[in-house]
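Q: Provided herewith is a single structure, encoded as structure tokens, for subsequent inquiry.
There are 2 protein chains.
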Amino acid sequence: MMPPSDALLLDAPPDLPAALLAPQAGCMNCDLRPVSICGALVDEELAELAQLSERRSFAAREVLTIQGDRSDVVFNVLAGTIRLYSLLPDGRRQIVGFLLPGDFLGLSMEERSPFCADAVVDSRACCFRRAGFQEFLDRKPHLLRRLHRAAVQEMTMAQHHLVLLGKARAEVRVLSFLLHMRRRWSAIGGRSSVTVPLPMSRQDIADYIGLTISTVSRTLTALERDRRILIVPDGVRLLDLPGIEASVAGG
Amino acid sequence: MMPPSDALLLDAPPDLPAALLAPQAGCMNCDLRPVSICGALVDEELAELAQLSERRSFAAREVLTIQGDRSDVVFNVLAGTIRLYSLLPDGRRQIVGFLLPGDFLGLSMEERSPFCADAVVDSRACCFRRAGFQEFLDRKPHLLRRLHRAAVQEMTMAQHHLVLLGKARAEVRVLSFLLHMRRRWSAIGGRSSVTVPLPMSRQDIADYIGLTISTVSRTLTALERDRRILIVPDGVRLLDLPGIEASVAGG
DNA sequence: CGGCGAAGTTGATCCAGGTCAAAGTCCCGT
DNA sequence: ACGGGACTTTGACCTGGATCAACTTCGCCG
């Protein structure tokens with residue numbers, strides 16, 4: 439199998455979905471091999487795919503899909519951050535994931551979307567009508583294969599997150615989250631790997647890792663007091679990366 | 439798309455993997471449409487697939503895969519129950535899922551299996567060498583499509599479980615688990631839908647729903663005291679199904 | 001039958017993290 | 001610079017479930 443070829447990126451039309459350009463993100467507690475879809479396509483296929491798609495922008499808070507609603511669109515995040523969540527009857531919210539550039543939304547191909555999704559910050563996405571995307575997929579088994587790998591990997595990621603929610607203490611949850619975000623951003627953008635951007639609110643973080651906003655805040659404060667992290671605007675700087683990685687692995 | 443055809447079952451060779459016969463299980467808190475793989479194949483394909491496979495038996499406690507080990511086998515559970523879990527450095531264990539007849543293990547196609555798996559009770563499985571299975575898949579895009587749907591669905595299941603682990607109280611966790619098991623067994627076997635078989639131990643249940651064995655036991659006892667369930671050997675009888683469903687939905 | 005080990009139940013106590021409420025901080029528009 | 005609203009931090013208190021430790025039940029084998 440051909441390795442993800444960065445060379446292809448240069449030739450790709452500018453409006454291509456980011457998934458074709460960016461590798462998939464790693465999981466919370468392990469480094470999964472990124473799945474690039476790009477390598478599986480030749481230029482004319484990329485162009486055709488770009489034609490099928492339509493770019494859309496979403497303001498912060500704007501809703502992409504509503505739990506239980508019909509939705510026949512597949513999104514591929516280009517920029518920004520999307521949160522995927524489940525709304526409980528009592529008003530609480532469990533965020534099942536943050537979608538960063540390159541991630542897909544709506545792959546489940548169910549008539550009704552199983553979760554809500556909205557934009558955390560202003561974001562852009564590449565949209566396909568499901569039918570058209572499906573049809574393209576049907577004609578390109580090699581693309582389907584890549585997509586399948588991506589789906590299986592996302593499942594494994596979900597299962598790792600499951601371990602975290604089932605077993606970890608508050609501090610480990612927060613640290614795992616920070617490491618997770620660091621890995622994801624570095625997989626996408628190659629930004630500085632010590633400062634981790636956190637576009638989402640404390641409440642979002644809490645709803646993701648199964649804590650309350652107070653506990654998240656307290657834990658972050660404690661970590662900063664212990665000189666393990668440094669809280670900066672819109673992010674966190676990891677001061678003791680090896681130490682942090684050790685305490686997450688150990689707990 | 440052709441609906442799952444039960445008629446095919448009668449003609450299928452006896453050694454076929456159960457996944458081709460049984461629909462996939464539903465998820466913890468919602469009824470996902472079962473994904474049958476059977477309908478996608480014609481007789482000669484079924485026969486070819488059967489040839490690729492090898493039946494194996496596992497005694498209770500026998501290990502199928504070890505976290506991090508190389509594994510180039512794909513299992514399809516035929517009978518029994520397999521537990522899929524992650525072992526934490528401190529010895530604790532988070533069970534990520536129970537595999538019942540029809541479920542796949544090892545689909546991730548990673549060189550190293552991300553989780554441990556062992557048999558809860560004496561079980562049988564249909565094994566494929568990964569390369570052969572992969573190659574068969576590559577020649578049958580329609581099968582890959584089915585498998586992909588199954589994977590996406592399993593991911594959605596994992597995400598629902600995630601919601602449970604992140605947000606639910608002990609009683610809801612236990613009740614959700616019972617409903618989940620009831621739905622899965624009824625999807626497979628069509629057994630009595632009031633008595634839910636529980637082949638796994640209390641400890642297993644606890645490690646699955648993120649509680650301790652004491653809490654599981656206490657909660658079950660309390661539910662029995664309130665005449666909502668009846669504990670029977672190797673299972674539980676649900677006495678107030680509508681009431682239980684309501685209290686689970688309510689958060 | 002009796003005795004032993006594994007699994008399950010139950011009780012007493014503890015504490016991590018939830019809850020509630022009060023400051024504090026940041027950002028934006030005027 | 002000022003005021004207001006949203007977000008965050010912090011404190012005081014409370015509780016659900018963890019922990020630890022009997023005790024009971026069951027299955028199994030001699």
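The listed protein sequences correspond, in order, to chains A and B.
So in the numbering used here, spot 81 of the first sequence is number 519, and the numbers just go up one at a time.
So in the numbering used here, spot 196 of the second sequence is number 634, and the numbers just go up one at a time.
We treat Cβ as the ideally placed atom computed from N, Cα and C, and that holds for glycine.
Here the structure is a predicted model, which is why all the values come from computation and not from measurement.
#1: In chain order, what residues of the same chain lie with their CB nearer than 7 Å to the CB of residue 651/B, ignoring the 5 residues before and after it?
#2: Which parts of the segment 595-663 of chain B are runs of the alpha helix (DSSP H), unbroken and 4 residues or longer, counting only runs that do not cross its ends?
#3: Note down the Cα distance separating residue 682/A from residue 516/A, rounded to an integer number of angstroms.
#4: Rounding to the nearest angstrom, what Cα-Cα distance links residue 687/B and residue 680/B in this structure?
#5: Between residue 592/B and chain A, is the shortest Cβ-Cβ distance under 8 Å, so that the two count as touching?
#6: Could you check if residue 620/A is buried or exposed, using at least 16 other CB atoms within 10 Å of its CB as the buried criterion?
#7: Contact between the segment 575-592 of chain B and the segment 655-668 of chain B: three or more CB pairs below 8 Å?
#8: Interface residues of chain A around residue 618/B at Cβ under 8 Å?
#9: Exposed or buried, which one is residue 532/A when buried takes at least 16 other CB atoms within 10 Å?
#10: Residues of chain B with CB under 8 Å from residue 534/A, in chain order?
#11: Can you give the Cα-Cα distance for residue 672/A and residue 534/A, rounded to whole angstroms?
#12: Please list, in chain order, the chain B residues whose beta carbon lies closer than 9 Å to that of residue 687/A.
#13: Under the rule that 16 or more other beta-carbon atoms within 10 Å means buried, what is residue 561/A, buried or exposed?
#14: Strictly below 7 Å CB to CB, what residues from chain A border residue 524/B?
#15: Could you work out which residue in 563/A, 559/A and 675/A is closest to residue 616/A when comparing CA atoms only?
#16: Can you give me the C-alpha to C-alpha distance between residue 559/A and residue 584/B, rounded to a whole angstrom?
#17: Any Cβ of chain A within less than 8 Å of the Cβ of residue 604/B?
#18: So, do the segment 597-614 of chain B and the segment 545-559 of chain B have three or more beta carbon pairs nearer to each other than 8 Å?
#19: In angstroms, rounded to a whole number, what distance separates the CA positions of residue 685/B and residue 647/A?
#20: Taking only beta carbons into account, state which residues of the segment 497-520 of chain A come closer than 7 Å to chain B, listed in chain order.
#21: Sorted by chain position, which residues of the same chain lie with C-beta nearer than 8 Å to residue 502/B's C-beta, five sequence neighbours on each side aside?
#22: Determine which residues share a DSSP beta bridge with residue 533/B and list them.
#23: Looking at the structure shown, is residue 665/B part of a helix, part of a strand, or coil, going by DSSP?
#24: With a threshold of 8 Å between beta carbons, is residue 547/B in contact with chain A?
#25: Quick check: the Cα distance between residue 506/A and residue 541/B, rounded to an integer number of angstroms?
#26: Closer than 8 Å, Cβ to Cβ, to anything on chain A: give me those residues from the segment 545-574 of chain B, in chain order.
#27: Is the CB of residue 581/B under 8 Å away from at least one CB in chain A?
#28: Taking any Cβ of chain A, which residues in the segment 638-663 of chain B have a Cβ under 7 Å from it, in chain order?
#29: Which two residues bound the contiguous beta strand (DSSP E) that contains residue 516/A?
#30: Beta carbon of residue 491/A, beta carbon of residue 553/A: below 8 Å?
#31: Does the beta-carbon distance from residue 568/B to residue 508/B come in below 8 Å?
#32: Would residue 638/B and residue 536/B qualify as a contact pair, given that the criterion is a beta-carbon distance under 8 Å?
#33: Among all the DSSP beta bridges, which residues are the ones paired with residue 561/B?
#34: Measuring straight from C-alpha to C-alpha, what distance separates residue 633/A and residue 482/B?
#35: Secondary structure at residue 542/A, three-state DSSP: helix, strand or coil?
#36: Can you give the Cα-Cα distance for residue 595/B and residue 591/A, rounded to whole angstroms?
A: Result, derived from the coordinates:
#1: 640, 641 and 644
#2: Listed in chain order, the complete alpha helix (DSSP H) runs (minimum 4 residues) inside the segment 595-663 of chain B are 608-626, 640-647 and 651-663.
#3: 30 Å
#4: 11 Å
#5: Output row for residue 592/B: interface = yes.
#6: buried
#7: They do not touch, by the three-pair rule.
#8: What residue 618/B touches in chain A, judged by beta-carbon distance under 8 Å, is nothing: the nearest beta carbon there is about 14 Å away.
#9: buried
#10: 597, 600 and 601
#11: 21 Å
#12: 527
#13: The Cβ neighbour count for residue 561/A, taken over all protein chains shown within 10 Å, is at least 16; the residue is labelled buried.
#14: 601
#15: 675/A
#16: 35 Å
#17: So yes, residue 604/B belongs to the interface.
#18: Too few Cβ pairs lie closer than 8 Å, so no.
#19: 24 Å
#20: none
#21: 496, 513, 520, 543, 555, 556, 557 and 563
#22: 523/B
#23: The three-state secondary structure of residue 665/B, taken from DSSP, is coil.
#24: yes
#25: Within the model, the alpha-carbon separation for residue 506/A versus residue 541/B is close to 26 Å.
#26: 545, 546, 547, 548, 552 and 553
#27: no
#28: 648
#29: 511-517 is the span of the beta strand (DSSP E), which, as asked, contains residue 516/A.
#30: no
#31: Contact flag unset, no.
#32: With respect to the 8 Å criterion, residue 638/B and residue 536/B are classified as neighbours on the basis of their beta carbons.
#33: 496/B.
#34: Within the model, the alpha-carbon separation for residue 633/A versus residue 482/B is close to 57 Å.
#35: strand
#36: 14 Å
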